[in-house]
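Below is one structure; the comments refer to it alone.
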Amino acid sequence: MFVTAAAEQHGEPHAGLYDPGVAKTERIGVEAARKVLGQQLDKGKADGLHTIIAKRGADQGVLVPMDWYRRAREALGDPTDL
Numbered sequence: 001m002f003v004t005a006a007a008e009q010h011g012e013p014h015a016g017l018y019d020p021g022v023a024k025t026e027r028i029g030v031e032a033a034r035k036v037l038g039q040q041l042d043k044g045k046a047d048g049l050h051t052i053i054a055k056r057g058a059d060q061g062v063l064v065p066m067d068w069y070r071r072a073r074e075a076l077g078d079p080t081d082l
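Here you go:
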């Protein structure tokens, strides 16, 4: 899956990739995440959805599509193999 997003550059080559308006997001609690993990993975792959997981009302982590994760690691200069 390839995701193309037009983002205004802010001085850094990959700055626009992290703007909240670029990716679709959905916030769910930990209990809900346990019940719908497979569905959220499918939505991430199909629609590029980033799922923000909250615990006790505080954001704790984000489930992102694998291709997005690899591009982010590459942009940071980190290895992209797992």
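Mapped onto UniProt numbering, the consecutive letters of the sequence shown carry residue numbers 1 to 82. Note that beta-carbon positions come from the ideal geometry of N, C-alpha and C, so glycine has one too. Since we're looking at a predicted model, the values are computed, not measured.
The criterion of a C-beta distance shorter than 9 Å is satisfied by H50 and L63. The C-alpha of A32 is placed about 14 Å away from the C-alpha of D59. Under DSSP, A23 shares a beta bridge with no residue.
Short of 8 Å from the beta carbon of P79, and not among the five residues preceding or following it, lie these beta carbons of its own chain, in chain order: R73. Secondary structure at G48: coil, using DSSP grouped into helix, strand and coil.
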